[in-house]
Structure formats: structure tokens, C-alpha cells
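These protein sequence lines map, in sequence, to chains S and E. In this text, residue positions in the first sequence follow numbering that gives the first Met the number 0: the first is 0, and each later residue adds one. In this text, residue positions in the second sequence follow numbering that gives the first Met the number 0: the first is 0, and each later residue adds one.
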Amino acid sequence: MYALLMVIWDILAHAFRPRVTVEYPEKKAYIPPRWRGRIILSRDPDGAERCVACYLCAVACPVDCIALQATEDDTGRRYPAFFRINFSRCIFCGYCEEACPTYAIQLTPDYEMSEYRRPSLVYEKEDLLISGTGKYPGYNYYRVAGIAIGGKGKGEAEGEEQPVDVRSLMP
Amino acid sequence: MKEVFAPLALIAGVIFVLTTVSAGLIWVERRLLALWQDRYGPNRVGPFGLLQVVADMIKILSKEDWTPPFSDRAVFILAPAIAMAAALLSFAVIPFAPGISVVDLNIGLLFVLGISSLSVYSIVLAGWASNSKYSLLGGVRGAAQMFSYEVFMGLSLMGVVMLSGSFDLREIVEAQRGLWYCVPQFPGLVIFFIAGLAATHRLPFDLPEAENELVAGYHTEYSGMKFGMFFVGEYLGITLICSLITTLFFGGWLGPVLPPVVWFFIKTFFFIFLFILLRASLPRPRFDQLMSFGWKVMLPLSLANVAVTGAVLLAL
């Protein structure tokens, strides 16, 4: 009986506590920088697309919402001919970001992407590409990777040693 | 002409005010529950969210009014009407103020108890006519709960009747000019309050519609305005019990300075707040606990209250 009355008193006292509700459109809750929100495609510091169209994100995606087609430019650099994310399917799990070997695909702290029409939720490459580097400034995949593409031969990447001729014993 | 139209206007006015207040209580309850749960509640539609009631009404009236094909059609439609009619009929004898009451019955209290017992029918019939197991379980629970709590609900009021010497609610109020009956009849007040909670099947006694056991109990199969009538009927029931507490134990319209109707509303709303506070704080008992509490604790207590009151009155 005493416990019941104390509970009632406690509940009554809650009327004078601060509210936990954040009144959304006027005020916005704090979103941490690592929040998994709208997906973007970033560019390297030189302004070229980071995506090398390896399909790892599409493979990692548990709901199959990523579609892309790889192609190459005349210097041998791979890039996606189209890159499409269906956000009406996306569950924002972030597996694509984890799978990406070039830091191209990233999740951002933006969550306000409501649409009146479902097809508007299908984002094409031009909707996904941003002009900056996103969370990883200064990283340029083609500059550190050992692959030879137009303008950069083998052994010319950052921190890469010259290729060794394994058939020669000379130091 | 005036003799015909004045009562009709009064009846229309009372029904209008009561249904508006009961619908408004939905907003009041949601705001108060939010207040006690560190939230805001509905505060977007209109000033303070007051128009939420209008929005809810538009929504519930424009919803599909579906009668399940497996239901007992006629009874299914009748049940919500009984719920609302029984609650509204009881208000006929409640004196809101010296000039404002629909009828002045000399057996007013008996009338209220009799009519409010009729609301059991709405629950049982709704549970039966829905022809689904959860509804039936809810209906059976409602019947058992309300029968056992009606018994000492009536008994708890006999002390008031003995003190005032009348079943007429107006005379009971007049008899409280010196001292409100909440003082000499405090046990009766507590017992009637608990019985009122059970009779309106409010939390903590909402076992007929216990959401986490019975989906929604007896109104599981209802939708649209038929569900809305159960909903408004429940709030009408709360208003009825609270205005009865006001009338019988807290001097009805009596009070200084302010007009009588205002006093009546202030007191009634205080008890409505108390009902909602209990809903916000107390957990639901098991059904066997509810029944044994009713029969083994409350019934002997109310009998003792009647006996002691009678003995004191005889001795004086």
C-alpha cells in the first residue's frame, strides 16, 4: 500500500522534470559524425571519382539496393558507367562502406530524404557524387596502388619500390 | 410551449456538453500521460494540440465501418450503442447545479446504479457478437469483474444514503452543506473510488481490454465509429463516476464565490485527473488477484462500513 502511494507520488513528480522529446522540425537532435545516413560517392583530392567499380559494395549489400556497371577510360582507369542506389530498399547498414577498398562509398549524417514518389528515392551517380573527399581527406587510391594506369607506371606510386627482376640475382 | 422546449433544450445541452467533454478527455488524458512520462503529447494540431480531438473525429468517422462476416451482425451493431446510451442515461439524474439537471428523481442513486450496470451488456454482447476468442475472453472478464465490483459499489454508497436519509442526489448534495461526506464516509469514498475504477474498467483494472494479453479485449473486432463509441463511452463512464464522487462525497455544486456549475466541473475534473494519474502509475493485477481483492477485501470492508455507519447513526 505504501509502495503504491509512493509510486503515484513519484509519477506525479515527473510533471516537473525536463522533457526528453526533441520537437523535430524546429529543433534537431545531435547526430554523431559516424551516423549511417544518406550514402554518397566521394572523389579523391585530385577531383576524380574514387570508385573503381569493383562491385564489392553491391555484393556486400544485404538488400541488393546497389546496382552499377564497370567501365574503363582510355588510360585504363576503372570507373562505374552508372551507379544506382535504391534508397527505398536501403537499410543503412553500412556494409557497403566497410567493403569499399577505395573509401569511395560513404555514409553521411543526413537522414532527411523523404519523397512523395517512390521513384524519386532511386539515386543515380550524379545524385550520389559529391565534390569532396568525405571522411578521408588526402587519400588517393590510384596514387598509392601498384597498378599501372595512364601517366603512372609500375613502381611510381607513393612508397612503392621499383619492381624486382626475379630472374636476376644481382642486388 | 416553454414547458416542452426548456427540458428538451436542457437535455440537448447536457448531451452536447458531455460528449464534447468526453471527447476532449481523450486529449486531456494523452497530454497528462505525456506530462507524467516526460513527453509533450499531442501539441501540434491547433493551440496546445486542442484540435487533435477534431482530427481524431474526422479520421475515425471517415474510416471503413467494417462488420466482420463471422460476427452476429445485429448484436455486433447494438453493443457500442448500449455502451454510450447507458453512460449518457445515468447523467439524467446528476444535479450539475441547482437549476441544471434533467430529472429530479427521488430514487436517483438507484437509477444511476441500475443504468450503469446495464453497460455490462455492451461488453458481454460485444465480446459474444464478435465471435472471436480474444473478444469473448474480454467480454467474460468484463462481466465477472463488473458484477463483483457492482456489489460493493452499491454497498459503499449506503453510508451516504444513511447519513442524508435520501436516494435523491439533489437532497444528498443539500445535506452536505455543513460537512462534505468525504470526511465521515472516508472508507465509503475509497471503496467507491476503487469500485468506480473497476466499473469503468480503467487501469489498473482494465482486464477486459488488457492489450498485452487479449489484443484489445471485447472491442478487438471493432473499427471506425463503432470503436469510437466504445471509446467515448469509456470516457463518459469516467466522467459519470467522477461526477458521482463529486455529488456524493464532495458536496456537488457547493462552494464559495464561483458559480455552482464551475465548482461542479472543478471537482469532477480533479477526480478525472486522479483517474488518469492512477493509469499512469499502477500496474495491472492478475485476474484472480482482482477477483479475490474484490470479494475478500472490498466486500467485507464495505459491509463493515455500512454496519459501523448504521451503529453510529443509531447511537446518536
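Backbone N, C-alpha and C fix where the C-beta goes; we use that ideal spot for every residue, glycine too.
Runs of alpha helix (DSSP H) with 4 or more residues, each lying fully within the stretch 188 to 237 of chain E, are found at 210 to 213, listed in chain order. Within the same chain, and ignoring the five residues on either side of valine 44 of chain E in sequence, the residues whose Cβ sits closer than 8 angstroms to its Cβ are Leu50, Gln51, Val53 and Ala54. Arginine 278 of chain E has a beta carbon lying at 7 angstroms or more from every beta carbon in chain S. Leucine 9 of chain E: member of the alpha helix (DSSP H) spanning 1 to 35, first to last residue. The C-alpha of arginine 38 of chain E is placed about 9 angstroms away from the C-alpha of valine 21 of chain S.
Residues of chain E whose Cβ lies closer than 8 angstroms to the Cβ of valine 19 of chain S are, in chain order, Asp37 and Arg38. For the stretch 5 to 36 of chain E, residues whose beta-carbon sits nearer than 9 angstroms to a beta-carbon of chain S comprise Leu31, Ala33, Leu34, Trp35 and Gln36. In terms of beta-carbon proximity, alanine 28 of chain S stays away from the interface with chain E, with every pair separated by 7 angstroms or more. Taking alanine 198 of chain E as reference, the option from E:Asp287, E:Leu112, E:Leu32 and E:Pro258 with the minimal CA-CA separation is E:Leu112. The beta-carbon of arginine 37 of chain S is placed no less than 7 angstroms from the nearest beta-carbon of chain E. Listed by position along chain E, the residues whose Cβ is nearer than 7 angstroms to that of leucine 3 of chain S are Leu281. E:Leu124 is the residue among E:Gln144, E:Leu124, E:Ser89 and E:Phe263 whose C-alpha sits nearest the C-alpha of tyrosine 221 of chain E.
Taking C-beta atoms as the reference points, phenylalanine 226 of chain E and alanine 82 of chain E fail to come closer than 7 angstroms. From the beta-carbon of valine 6 of chain S, the residues of chain E found nearer than 8 angstroms are Ser280 and Leu281.
In terms of CA proximity to glutamate 123 of chain S, S:Ile39 leads the group S:Ile39, S:Lys151, S:Glu157 and S:Met169. Counted as a single uninterrupted DSSP element, the stretch harbouring phenylalanine 82 of chain S is not any alpha helix (DSSP H) but the beta strand (DSSP E) occupying residues 77 to 85. The stretch 176 to 194 of chain E makes contact with the stretch 147 to 157 of chain E: 3 or more CB pairs, one atom from each, lie closer than 8 angstroms. In the structure shown, the three-state DSSP call for arginine 42 of chain S is strand.
Residues of chain E whose Cβ lies closer than 9 angstroms to the Cβ of leucine 11 of chain S are, in chain order, Trp35, Leu276, Ala279 and Ser280. DSSP places valine 121 of chain S in the strand class (E or B) of the three-state scheme. Taking the C-beta atoms as reference points, leucine 108 of chain E is found no nearer than 7 angstroms to alanine 85 of chain E. Excluding sequence positions up to five before and after tyrosine 148 of chain E, its CB lies within less than 6 angstroms of the CB of Ala194, Ala197, Ala198 and Gly293, all in the same chain and listed in chain order. Listed along chain E are Asp37, each with a C-beta nearer than 9 angstroms to that of arginine 16 of chain S. Comparing alpha-carbon positions, the option among S:Met5, S:Arg42 and S:Arg88 lying closest to valine 121 of chain S turns out to be S:Arg88. In the three-state reduction of the DSSP assignment, glutamate 111 of chain S falls in the coil class, being assigned neither a helical nor a strand state. The bridge partners DSSP lists for isoleucine 104 of chain S are S:Leu40. Note on geometry: alpha-carbon atoms of valine 160 of chain E and methionine 297 of chain E lie some 19 angstroms from one another.
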